[in-house]
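Residue numbers (the working numbering), protein chains in the order written: chain Y, 11 to 368; chain X, 173 to 602. Don't be surprised by glycine CBs; every beta carbon is placed ideally from N, CA and C. Here the structure is a predicted model, which is why all the values come from computation and not from measurement. Let me begin by presenting the structure, written as structure tokens, before commenting on it.
Here it is in structure tokens:
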């Protein structure tokens, strides 16, 4: 009943091809946006911004980037963290070499560098597939992290080998660095993430998205119907790496404030991959759901015992937390191997006839 | 997603409210790591810190009559969790103890804006010694450059270093790279050849490549800046390759009893510079035994309590308690705030008499801080593994800070410039 689409007539092509053709979806999106744009900024504490809202958005974006490559184009990649690193270091070099540059422009530009690197490492995908490709992207992971450590120019010859985000202003307001307030950073992140999500939804619906999906489902068949596999795979690598690179720049500039090379090591790649898999491969919304589960939930769980007044030590909470998250991941994957996005789709279908099932 | 977000938001709001209502006394959170890859080295230190505060609470009712709320926030040594803990605790904390060079680098710029003192005893960023620039950061009693300088002094006293080859085995991480500028500068003045050998985070447990290099290069000394699994890895590898252990010197974080207990007698002669020394017969240990261990409040055990790291944990908490006391005396109030504690930490004067009063004679050298000097430069002792425990093998060594104060100030200025606008302590004469 809640999701009944009966009576919602489409009278023009435009309304039929709208991003959210079902009224309930559009309404739900409106509510979420209302929360994201008005209610959270008004009510959230700095802690909520720094540990829940901002990281969830950034991780969602990174997972979305990976999802374009792995979920839509079917090319498994284990080098996500390294591409995030390329974005972060590119952004760092740009704002330190050209301090007059608008920080948001710098963040959006930094994705171009990672897109370039991504395409270079994507070339092997033309000849190798599946697990073998995963190993090839693993090479990118190791090589790039090594490069971040050894190429001192990247971190401006800093003795500690880490990059520190300087205070950056835009229109007289600090938007990055220790002086920036969390609300401002949140809005910057929200703006960029919303923008790129919109772009991605449209890309995956369009011609490019369809060629990606064809490549994913059966590359030989795709080639036979005239899809240029090289173009399809390399554009997937480029778009994916671009988004991942922007996420990396946001990761360091809007959230962490400092980064050392090993931050971009393989555990981060796996984390993003888990978000994408648990959220749902080949879905846009799944990335956000996955990030809420993997990034947001542990933070909330950590607070629970204290909130309920249960006196257990912080270390024990941490151990329990790891166990809870682990079992939840297994639980969700058993209940719905196609991820949280699929789970949501099923719930929606049930809601069409709820509360009167046949 | 909506309900999920709502639930999450509700839980957060509830917990923040509940958390605020809970704290009693002076809130001095510790960003501990009892889980994760570095837990083995973290636990004795955390236990020492915690037991000292528990002892003060049980014996004296805290400091100046106010209980110390020494809550731990678990980070597992992860920078991400560290920042989460910092954000969680900063609202009511009067100090933050970040506990890893990575987390320190991350919260250092934030503390300058949030105005919370950051206490990083014996770790963190060496240029923090410039108290004028880093007005909120403290790394007393000794910084890494002090440690490197003392090691070089000790090696020099064993025979002129000129023309010798010193291998610098270090973790390839901000922490391991910290002493490099000093070691490089000293190599020129003292005339030894420096051979930096980095150990990647992934190779900590398997250092065969590094030790092959050491065997090939035949250095006269190996100076080690290791942490966690790297120490045990290096020590077992050194024993395996029959490296002369008396030629191997570690920083204070590389002098963990448990790492050497694995090799036992074969580790005899291994040295570690230290600004703390455990003393099981001291007054403070007797009090801890009486008020904490016998009351069942301690998570520690006999072997651990006799180790160097537990003793160091005690010293760290003592420094914080002293800072609180100094601030209370100055401001005439028991409930001090972060700003007042900053003054307290800046004016600590720990003399031999004061150490005797605390029952900690010989557990840490006497030192004092000032607004320009946030490190204190206590100096330390060279400890040596005798096959079963660490013993002191040198007199008190004092670092020659004059030799690198300029580099430190230059680095501090560079940091402040990179982080402009950076508030410095203008009242301080430097």
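Taking 8 angstroms as the threshold (beta carbon to beta carbon), is residue 473 of chain X in contact with chain Y? Not one chain Y Cβ lies under 8 angstroms of residue 473 of chain X.
Is the Cβ of residue 463 of chain X closer than 8 angstroms to any Cβ of chain Y? At a cut-off of 8 angstroms, the C-beta of residue 463 of chain X has no neighbouring C-beta in chain Y.
Excluding the 5 residues flanking residue 538 of chain X on each side, which residues of the same chain have their C-beta closer than 6 angstroms to its C-beta? Answer for residue 538 of chain X: 522, 523 and 524, listed in chain order.
Residues of the region 584-597 of chain X with a CB closer than 7 angstroms to any CB of chain Y: list them in chain order, please. Only 590, 591, 592 and 593 from the region 584-597 of chain X bring a Cβ to less than 7 angstroms from some Cβ of chain Y.
From the beta carbon of residue 109 of chain Y, is the nearest beta carbon of chain X less than 8 angstroms away? At a cut-off of 8 angstroms, the C-beta of residue 109 of chain Y has no neighbouring C-beta in chain X.
Distance cutoff 8 angstroms, beta carbons only. Does residue 19 of chain Y sit that close to anything in chain X? Nearest CB-CB separation between residue 19 of chain Y and chain X: not below the 8 angstroms threshold.
Please list the terminal residues of the continuous beta strand (DSSP E) segment that includes residue 271 of chain X. Taken as a continuous stretch (DSSP letters only), residue 271 of chain X belongs to no beta strand (DSSP E), as it is neither H nor E.
Ranges of the alpha helix (DSSP H) found wholly within the region 324-402 of chain X, counting only runs of at least 4: For the region 324-402 of chain X, whole alpha helix (DSSP H) runs of length 4 or above, ordered along the chain, are 346-349, 352-362 and 380-389.
Taking 8 angstroms as the CB-CB cut-off, is residue 358 of chain Y touching chain X? Not closer than 8 angstroms to any Cβ of chain X, the Cβ of residue 358 of chain Y fails to qualify, so no.
Beta-carbon within less than 7 angstroms of residue 213 of chain Y's beta-carbon, same chain only, minus the 5 sequence neighbours each way: which residues are those? Correct list, in chain order: 219 and 249.
Taking CB distances under 8 angstroms as the criterion, tell me whether residue 346 of chain Y reaches chain X. Under the Cβ distance rule, residue 346 of chain Y does not count among the residues neighbouring chain X, no pair being separated by less than 8 angstroms.
Looking at the C-beta of residue 285 of chain X, does it have a partner C-beta in chain Y at a distance below 8 angstroms? True, the Cβ-Cβ gap to chain Y drops below 8 angstroms.
Does the contact criterion of 3 or more C-beta pairs under 8 angstroms hold for the region 205-215 of chain X versus the region 355-367 of chain Y? Short answer: they don't touch.
Can you tell me which of the three DSSP states residue 219 of chain Y falls into? It is helical.
Find the nearest neighbour of residue 197 of chain X within the set X:411, X:507 and X:448, judged by alpha-carbon distance. Ranking X:411, X:507 and X:448 by Cα distance to residue 197 of chain X puts X:507 first.
Pick out the complete alpha helix (DSSP H) segments inside the region 488-542 of chain X, 4 residues or longer, and give them in chain order. Scanning the region 488-542 of chain X for uninterrupted alpha helix (DSSP H) segments of 4 residues or longer gives 510-518 and 524-530, listed from N- to C-terminal end.
Interface partners of residue 352 of chain X on chain Y, CB under 7 angstroms: Those are 169, listed as they occur along chain Y.
Just to confirm the assignment, what range does the alpha helix (DSSP H) spanning residue 589 of chain X have? Going by DSSP, residue 589 of chain X is part of the alpha helix (DSSP H) stretching over 577-590.
Expected contact under 8 angstroms - CB spacing of residue 547 of chain X and residue 272 of chain X to nearest Å: The Cβ separation is near 18 angstroms, so there is no contact.
Measure from the C-beta of residue 206 of chain X to each C-beta in chain Y and report whether the shortest distance is under 8 angstroms. It does; some Cβ of chain Y falls within 8 angstroms.
In the DSSP assignment, find the beta strand (DSSP E) that holds residue 183 of chain Y and state where it starts and stops. Its beta strand (DSSP E) spans residues 183-186.
Say whether chain Y places a C-beta atom closer than 8 angstroms to the C-beta of residue 582 of chain X. For residue 582 of chain X, the answer is no, since every Cβ of chain Y falls outside 8 angstroms of its Cβ.
Buried versus exposed call for residue 395 of chain X [16 or more other C-beta atoms within 10 Å across all chains shown]: Buried: at least 16 other Cβ atoms inside 10 Å.
Note down, in chain order, every chain Y residue with its Cβ under 7 angstroms from the Cβ of residue 537 of chain X. Contact note: residue 537 of chain X does not reach chain Y at a C-beta cutoff of 7 angstroms; the least C-beta distance is about 27 angstroms.
Identify whether residue 471 of chain X lies in helix, strand or coil by the three-state DSSP scheme. Residue 471 of chain X: coil per DSSP, three-state reduction.
Can you list, in chain order, the residues of its chain with a C-beta nearer than 7 angstroms to that of residue 446 of chain X? Leave out the 5 residues immediately preceding and following it. Cβ within range, chain order: 424, 427, 480, 552, 553 and 555.
Inspect the CB distances between the region 266-273 of chain Y and the region 269-286 of chain X and report whether three or more fall short of 8 angstroms. Yes, the region 266-273 of chain Y touches the region 269-286 of chain X.
Return the residue from the list Y:54, Y:37, Y:261 and Y:283 that minimises the CA-CA distance to residue 173 of chain Y. Comparing Cα positions, the closest option is Y:261.
Taking buried to mean at least 16 other C-beta atoms within 10 Å of its own C-beta, is residue 202 of chain X buried or exposed? It counts as buried.
Of all the CB atoms in chain X, is at least one closer than 8 angstroms to the CB of residue 266 of chain Y? Chain X, which has a Cβ nearer than 8 angstroms to the Cβ of residue 266 of chain Y, makes this yes.
Hey, is the region 382-390 of chain X in contact with the region 339-353 of chain X, meaning 3+ C-beta pairs nearer than 8 angstroms? The region 382-390 of chain X vs the region 339-353 of chain X: in contact.
Name the residue from Y:240, Y:204 and Y:291 whose alpha carbon lies nearest to the alpha carbon of residue 80 of chain Y. Of Y:240, Y:204 and Y:291, the residue nearest in Cα terms is Y:291.
Output needed for residue 50 of chain Y: all residues of its chain with C-beta closer than 7 angstroms, excluding positions within five of it in sequence on either side, in chain order. Within the same chain, Cβ atoms closer than 7 angstroms to the Cβ of residue 50 of chain Y are found at 63, the five residues on either side in sequence being excluded.
Which residues DSSP lists as bridging residue 212 of chain X, in chain order: Bridge partners of residue 212 of chain X: none, in fact.
Excluding sequence positions up to five away, which residues of its chain have a Cβ less than 6 angstroms from the Cβ of residue 232 of chain Y? Result list for residue 232 of chain Y: 224 and 225, in chain order.
Burial state of residue 545 of chain X (16 or more Cβ within 10 Å): Using a 10 angstroms sphere on the CB of residue 545 of chain X, the tally of other CB atoms reaches 16 or more, which defines it as buried.
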